Amino acid sequence: MQLLSKEHVIGEKMKIAQKILNRVLWMPIGLVKGILEIANDKARDYNNKRLYPHALIDTNCCFTSDTIIGEHSQILKGSVVNHCRIGKYTYVSYNALLQNTIIGNYCSISSNVKIGLGLHPLNLFSTSPIFYKVKNTLKVKLLEKDLEFEEYKSIEIGSDVWIGAGAIVMDGVKVGHGAVIAAGAVVTKDIPPYAIVGGVPAKIIKFRFSEEVRESLLESRWWEKKAEDVNAMREQLLSICQNFPVVN
Ligand SMILES: CC(C)(COP(=O)(O)OP(=O)(O)OC[C@H]1O[C@@H](n2cnc3c(N)ncnc32)[C@H](O)[C@@H]1OP(=O)(O)O)[C@@H](O)C(=O)NCCC(=O)NCCS
Numbered sequence: 003m004q005l006l007s008k009e010h011v012i013g014e015k016m017k018i019a020q021k022i023l024n025r026v027l028w029m030p031i032g033l034v035k036g037i038l039e040i041a042n043d044k045a046r047d048y049n050n051k052r053l054y055p056h057a058l059i060d061t062n063c064c065f066t067s068d069t070i071i072g073e074h075s076q077i078l079k080g081s082v083v084n085h086c087r088i089g090k091y092t093y094v095s096y097n098a099l100l101q102n103t104i105i106g107n108y109c110s111i112s113s114n115v116k117i118g119l120g121l122h123p124l125n126l127f128s129t130s131p132i133f134y135k136v137k138n139t140l141k142v143k144l145l146e147k148d149l150e151f152e153e154y155k156s157i158e159i160g161s162d163v164w165i166g167a168g169a170i171v172m173d174g175v176k177v178g179h180g181a182v183i184a185a186g187a188v189v190t191k192d193i194p195p196y197a198i199v200g201g202v203p204a205k206i207i208k209f210r211f212s213e214e215v216r217e218s219l220l221e222s223r224w225w226e227k228k229a230e231d232v233n234a235m236r237e238q239l240l241s242i243c244q245n246f247p248v249v250n
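Printed below as a string of structure tokens:
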């Protein structure tokens, strides 16, 4: 075995000493940065609660200033909601990303759902934003003005829609009232009311109810009412679906 020279050992020790010194010197800056980050997060959480006093907003959520959230709705930790209008009694679970979307009332949106991811042009020689956007994330300036291209298309989600964990809804899609999107589905096309869709790309698995029941429920438009009023008509609504077992 080759023995290490004295110089090599000293060199290694110097490196370790330098590392320790670096850490000690940077520690106060790191601490201040950490405190500022915590203060910034707390200020944002406080601001979110102030902006949406009639909804339940968890910590670490981000919203664009044009986002509207209806009464009794809830947004859980880490979700990002950009340029959206969310109705009443709708909840969005953890770490969801919703963009350019109109969402109805009484919807259940599970964790890690992504709606409205945005588009890149497919008919240019490249899909990279540096070739079509002046202000691109890479900050490479090649253009004087943006090329005409619709980067986002709005999405419409009806009321009483349940979107399973990790599902993705593509730009421009319309989801009918009462539809269910299975966990992990990628929705690329419009979904009719009360359809249950799943898979990649999402296909109709089945409908929640027969056509007659679907029509009656759509006619009732119960989701436009307050929860207490819907509850008061519970028996009537249940009787519409009577041929179908109620899952508890
Ligand atoms: C879509 C869903 C509601 C269907 O429930 P279900 O009616 O009890 O469905 P079943 O288990 O009877 O399955 C029906 C068919 O759909 C398929 N299927 C079920 N879940 C699926 C999914 N996530 N992706 C693709 N196909 C799915 C089944 O394989 C079955 O196919 P087959 O008829 O060819 O055998 C359910 O599977 C689901 O994804 N729920 C979301 C769960 C979730 O994310 N919860 C978070 C809490 S908010």
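Residue numbers (this note's numbering): 3 to 250.
Where is the CB? At the ideal position from N, CA and C, for every residue including glycine.
Treat the numbers as computed from the prediction; the structure is a model and nothing was measured.
Check whether the Cβ atoms of T92 and G72 sit closer than 9 Å, and answer yes or no. Working through the sequence shown from its first residue, we reach residue 92 at position 90. Working through the sequence shown from its first residue, we reach residue 72 at position 70. Yes, Cβ-Cβ distance for T92 and G72 is below 9 Å.
Three-state class that DSSP yields for G36 in the structure shown: Against the sequence shown, residue 36 aligns to sequence position 34. DSSP places G36 in helix when its eight states are reduced to three.
Beta carbon of D47 nearer than 9 Å to that of N62: Here residue 47 refers to the residue found at position 45 of the sequence shown. Here residue 62 refers to the residue found at position 60 of the sequence shown. Taking 9 Å as the Cβ cut-off, D47 and N62 qualify as a contacting pair.
Does the distance from the CB of V189 to the CB of V199 come in under 9 Å? Here the question's residue 189 lines up with position 187 in the sequence shown. Here the question's residue 199 lines up with position 197 in the sequence shown. Yes; because the gap between Cβ atoms is below 9 Å, this pair is in contact.
Ligand 1 heavy atom lying under 8 Å from the CB of G80: In the sequence shown, the residue the question calls residue 80 occupies position 78. Result no, Cβ not under 8 Å from ligand 1.
Starting from the Cα of P123, find the closest Cα among Y154, I170, G160, R87 and give me that residue. Taking the first residue of the sequence shown as 1, we reach residue 123 at position 121. Measuring from the Cα of P123, the nearest candidate turns out to be Y154.
Alpha carbon to alpha carbon, what distance is there between M172 and L100? Here the question's residue 100 lines up with position 98 in the sequence shown. Here the question's residue 172 lines up with position 170 in the sequence shown. Going from the Cα of L100 to the Cα of M172 covers about 11 Å.
Taking only the alpha-carbon atoms, compute the straight-line gap between E152 and L121 and give it to the nearest angstrom. Within the sequence shown, residue 152 is the residue found at index 150, counting from 1. Within the sequence shown, residue 121 is the residue found at index 119, counting from 1. In a straight line, the C-alpha of E152 is about 8 Å away from that of L121.
Return yes when the Cβ of R87 is within less than 9 Å of the Cβ of T69, no when it is not. Here residue 69 refers to the residue found at position 67 when the sequence shown is read from its first residue. Here residue 87 refers to the residue found at position 85 when the sequence shown is read from its first residue. In this structure, R87 lies closer than 9 Å to T69 by Cβ.
Would you mind giving the Cβ-Cβ distance between L220 and I242, rounded to the nearest angstrom? I have them listed as a contact below 8 Å. The count along the sequence shown starts at 1 and reaches residue 220 at position 218. The count along the sequence shown starts at 1 and reaches residue 242 at position 240. That belief does not hold up - the Cβ atoms of L220 and I242 are roughly 11 Å apart, past 8 Å.
Quick one, are the C-beta atoms of V182 and I165 less than 9 Å apart? Along the sequence shown, one-based indexing puts residue 182 at 180. Along the sequence shown, one-based indexing puts residue 165 at 163. Cβ distance < 9 Å, so V182 and I165 count as in contact.
In the DSSP assignment, find the unbroken beta strand (DSSP E) run with E158 in it and report its ends. Here residue 158 refers to the residue found at position 156 when the sequence shown is read from its first residue. Element bounds for E158: 157 to 159.
Return the chain-ordered ranges of every beta strand (DSSP E) run that is complete within the segment 29 to 116 and spans a minimum of 3 residues. 82 to 84, 99 to 101, 103 to 105
Taking A98 as the reference, give the member of A187, G106, V82 with the closest Cα. Position 96 of the sequence shown holds residue 98. Selected option, being the one with the closest Cα: V82.
From the DSSP output, in three-state form, read off G13 for me. As a first step, residue 13 is located in the sequence shown; it is residue number 11 there, counting from the start. Helix, per DSSP.
For P55, count neighbouring Cβ atoms within 10 angstroms of its own Cβ and tell me buried if that reaches 16, exposed if not. Counted from its first residue, the sequence shown places residue 55 at position 53. With fewer than 16 other Cβ atoms within 10 Å, it is exposed.
Distance between beta carbons of I159 and I105, contact taken as under 8 Å: On the sequence shown, position 103 is the one that residue 105 refers to. On the sequence shown, position 157 is the one that residue 159 refers to. I105 to I159, Cβ: 4 Å. Contact.
DSSP three-state assignment for N250, whether helix, strand or coil: Looking up residue 250 in the sequence shown gives position 248. Because the pLDDT at N250 is just 41, under 50, the model does not fix this residue reliably, and the point stays unresolved.
Any non-hydrogen atom of ligand 1 closer than 8 Å to A181 Cβ: Start at 1 with the first residue of the sequence shown, and residue 181 comes out as number 179. No, Cβ of A181 sits at least 8 Å from all heavy atoms of ligand 1.
Answer with buried or exposed for S128, where buried requires no fewer than 16 other C-beta atoms within 10 angstroms of its C-beta. For the purposes of this step, residue 128 is taken as the residue at position 126 of the sequence shown. The residue in question, S128, is exposed, as its Cβ has fewer than 16 Cβ neighbours within 10 Å.
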